[in-house]
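One structure is given here, and the rest of the page talks about it.
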Amino acid sequence: MSKKHDNEGGAKDAHYAKLRRAHRDAKRARGELPHKPQDNRKKRGPAVPLPVGEDEVLLYGLHTVRAAIENPERTLLELKVSQNALDRLTDGFSLPEDLPVEIVHPRAIDDILGSDAIHQGVLLKARALPVRRLDALQKSPLILVLDQVTDPHNVGAILRSAVAFSCGAVITTMRHSPAESGVMAKSASGALEYIPYIQITNLAKALEELHALGFTSVGLDSEGPAPMEETLSGDKIALVLGAEGKGLRQKTRETVSALARLDMPGKIKSLNVSNASAISLYAARQYLSRKP
1 MSKKHDNEGG
11 AKDAHYAKLR
21 RAHRDAKRAR
31 GELPHKPQDN
41 RKKRGPAVPL
51 PVGEDEVLLY
61 GLHTVRAAIE
71 NPERTLLELK
81 VSQNALDRLT
91 DGFSLPEDLP
101 VEIVHPRAID
111 DILGSDAIHQ
121 GVLLKARALP
131 VRRLDALQKS
141 PLILVLDQVT
151 DPHNVGAILR
161 SAVAFSCGAV
171 ITTMRHSPAE
181 SGVMAKSASG
191 ALEYIPYIQI
201 TNLAKALEEL
211 HALGFTSVGL
221 DSEGPAPMEE
231 TLSGDKIALV
241 LGAEGKGLRQ
251 KTRETVSALA
261 RLDMPGKIKS
271 LNVSNASAIS
281 LYAARQYLSR
291 KP
């Protein structure tokens, strides 16, 4: 087809499109068609938080919300979900009959959480999980202790690894550590519902309590005197990891049963704390599997 014909065809298409728009506008003016809703996306202001109580959390993401709904210890309050997300959430799964459900547009959840939250069209308002005590860990041979790891994304990833390696609990401090939150739960991809997340006031005292329960505590330190594999001992292991950069605090270093390092033959000698925890959990689980 010639360029002349292309130009003529384009002009005719534009002309007919203009006529069709004018015809629709005239029908709307006569009330024969509903008025087109305004697109307010460019006019939206900052996110408006959903009111939550002191003991309530907002959980989002399909895996996170489904795990929370399936957790008998979780008190559910309200579910906001898009129709598409509801279909995916309830695929082979029934929602509790007493859970209030509101079908919303995904942008309504953006308005609550902010556009950066990857909520997948689902938001659950729920009670925070019950407080757990250290004496509930007597039957668990492997636990993880975090010394002021502050990033909720890291803690969420650590929770996921802890569940994968059948860890009995993740223990952390109340100060300088994230409380239960949607960000941490989303990073954990549902793992928060499967493992106790215990926050204590005094880490050194908590380690002493763990020693009394029969745990050997091993603090991970890049300058540890021996590789971790040569340091593990006893029938119960508590792995202790510090914050990135700072590492273990001095009081923690003095309280653990032993310090150990992860041997890394490559040029990089340090790892993200969530990666280090996964490797440590694997090594400890291998050690425990060889115990008679």
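If you use the UniProt record's numbering, the sequence shown corresponds to residues 1 to 292, in order. Ideal placement from N, C-alpha and C gives every residue a C-beta, glycine not left out.
Since R127 sits in a beta bridge, which residues does DSSP pair it with? Taking the sequence shown and counting its residues from 1, the one referred to as residue 127 is at position 127. DSSP lists E56 as partners of R127.
Output the boundary residues of the beta strand (DSSP E) element that contains T216. Position 216 of the sequence shown holds residue 216. Segment 216–220, the beta strand (DSSP E) holding T216.
Can you tell me whether P178 is buried or exposed, with buried defined as 16 or more other CB within 10 angstroms of its CB? Translated into the one-based positions of the sequence shown, residue 178 becomes position 178. It counts as buried.
Between which two residues does the beta strand (DSSP E) holding V145 run? By one-based count along the sequence shown, residue 145 stands at place 145. Here the beta strand (DSSP E) through V145 covers 142–147.
Residue from T75, K139, T173 whose Cα sits closest to the Cα of K125: Working through the sequence shown from its first residue, we reach residue 125 at position 125. Nearest of T75, K139, T173 to K125, Cα basis: T75.
Find out if the Cβ-Cβ distance for the pair L142, L281 is shorter than 9 Å. For the purposes of this step, residue 142 is taken as residue 142 along the sequence shown, with counting starting at 1. For the purposes of this step, residue 281 is taken as residue 281 along the sequence shown, with counting starting at 1. A contact, by the Cβ cut-off of 9 Å.
Given that a residue counts as buried once 16 or more other Cβ atoms are within 10 Å of its Cβ, and exposed if not, what is Q120? Here residue 120 is taken as the residue at index 120 of the sequence shown, counted from 1. By the neighbour-count rule (16 or more Cβ atoms within 10 Å), Q120 is buried.
Mind checking whether L203 and D147 have CB atoms under 9 Å apart? Along the sequence shown, one-based indexing puts residue 203 at 203. Along the sequence shown, one-based indexing puts residue 147 at 147. Yes, the Cβ-Cβ distance between L203 and D147 is below 9 Å.
Taking DSSP as the reference, what is the three-state secondary structure of T90? By 1-based counting over the sequence shown, the position of residue 90 is 90. T90: coil per DSSP, three-state reduction.
Which of the three DSSP states is assigned to P152 in this structure? Locating residue 152 in the sequence shown gives position 152, counting from the first residue. In this structure, P152 counts as helix in the three-state DSSP scheme.
Helix, strand or coil at T201 [DSSP, three-state]: The count along the sequence shown starts at 1 and reaches residue 201 at position 201. T201 falls in the coil class under three-state DSSP.
In its own chain, which residues sit with a C-beta less than 8 Å from the C-beta of residue 380, not counting the 5 before and 5 after it? A query on residue 380 cannot be resolved here, the shown segment of the chain reaching from 1 to 292 and no further.
Below 7 Å CB to CB, which residues in the same chain sit around A117 once its five sequence neighbours on both sides are set aside? What you label residue 117 is simply residue 117 of the sequence shown in a count that begins at 1. Hits under 7 Å: Y60.
Cβ pair count under 8 Å reaching 3, the region 169–185 against the region 225–232: no
Based on Cα-Cα distance, which residue from T64, Q250, L207 lies nearest to A85? Along the sequence shown, read from residue 1 onward, the residue named residue 85 stands at position 85. The residue with the shortest Cα to Cα distance from A85 is T64.
CA-to-CA distance, Q83 to D110, given in whole angstroms: Reading the sequence shown from its first residue, position 110 is the one you call residue 110. Reading the sequence shown from its first residue, position 83 is the one you call residue 83. If I take the Cα positions, the gap works out to 15 Å.
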